[in-house]
Structure formats: C-alpha cells, structure tokens
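Numbering (our numbering), first residue to last: 775 to 1009.
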C-alpha cells in the first residue's frame, strides 16, 4: 500500500508536467476581428436572399452604412449597401472576397479613409493607397467595372485632421484621372461654407456623421454619374 502511495506521488508531477506541455503546444485561437459580426450578418442575409449580380455596390465605413435613403436616392439603379461602421481601408480590403467578389458588381461606390485619419494618424499616403489597392484588385476581377470614389468628408469633429484628409483625396483624384472607369466625385465643395469650413447644417450632433440634409448633398453629386454609368452599361 505504501509502495502504491509513493508511486502515485511520483507520477502526479509527471502527469501535470505532460499536461502543461500539451497545453502549451496548442496555439491559441486568434480572436475574431471586431467587424466579424457585421460581415457574418451580411453573409447570412446573402445566403437567405442571394443578391442579383451586376448591381451597384456601395461599400465603406459608417457614412455608407447610415445612408438610409440610399435605395430611394439611386432608383432605378439597384443598390447593395455594404458599409460597416468604424472600418478603415485595410479592413475593407480584408473582407473583399466576402462582401465584394460574391456580388459581381457592375458599379462600385467607395467611401473610406475617414477613420484611417480620424485620430493622430496622419499617414495620408496609406489612406489613399488603400483605395488604390482596392481599385486595382477590383479590376483584376472586372476590368470594365465603374468605380466611384466619394472623398473623405470635411467634418466638424475631425476638422483638425482635414489637411491630411485633403491630401489623401488629392492623391486619389490623381489616380482616378489616369485610370479608366475610375471617377472622383467632388462631394467636398458643396459641403463647405463660403468661409471654407464644414457646414454645421449637414451633420448630426456628433459633428461627424451626416444628417438627412448631408445625404441630400451626397445624392446631388453621386446620383447623376451612377445613373449615367448604369445606363451606359445597359444600352
């Protein structure tokens, strides 16, 4: 009995050591990205009701997601809204194969970069490159797709970052000028006052997101070119 007891005492540390080794050898599962729930919800909705191919895809951050009148504003052009709040250009690229490729869009309207430059980060080259990479990737799939860039908006909340945002917009505009079927839509000019500052009448209380009047400004700039592209593609 004593021999058995001593054997158990000797074996327990060995078992614990082996258990620890096994646990340590198993890599931790990385946490899901913060945006996973929203993207998974899009995929679930697509599985229930598969979208028709060839629509106009609006993609980007919360300024797209919160465009509640989008379907009415773009009618009769059929649209898909795939904006997800808080997104930056790397995250839009990260989900390209999940919420861009499956839709086979004929038109893409892109708004992102606001959150890239919304903090102390002033790397306007990276923000612009995010769109350029998106544009090139889309053209690998669909060389004739019409892509429209809505520039980073001047806002009350982020006016101190406007210099970097404006530089990013300029780089994208130059890219669009030399890229077939890529168009820069100037939503900036009508959003500024005569003094060249953001118009407070266009924003909700946070000074960042657009209100209904703000989206009317966007509609006035975006609708015409999108409708023209749609008609050209469906002659």
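Using N, Cα and C, we set each Cβ at its ideal position, and we do this for glycine too. Since the structure is predicted, the reported quantities are computational estimates derived from the model, not experimental observations.
- Counting every other CB atom within 10 Å of its CB across the protein chains shown gives residue 960 a total below 16, marking it as exposed.
- Under the three-state reduction of DSSP, residue 991 is assigned to helix.
- Secondary structure note for residue 922: its beta strand (DSSP E) is the uninterrupted segment 920 to 923.
- Rounded to the nearest angstrom, the gap between the Cα atoms of residue 976 and residue 994 is 13 Å.
- Residue 857 is bridged by DSSP to 834.
- The three-state reading of DSSP puts residue 1007 in helix, counting H, G and I together.
- Of the other Cβ atoms in all chains shown, 16 or more fall within 10 Å of the Cβ of residue 890; this residue is therefore buried.
- Under the 8 Å Cβ criterion, the region 889 to 903 does not count as touching the region 961 to 974, having fewer than three qualifying pairs.
- Look at residue 972 here: in three-state DSSP terms it is strand.
- For residue 887 and residue 863, the gap between their C-alpha atoms comes out near 6 Å.
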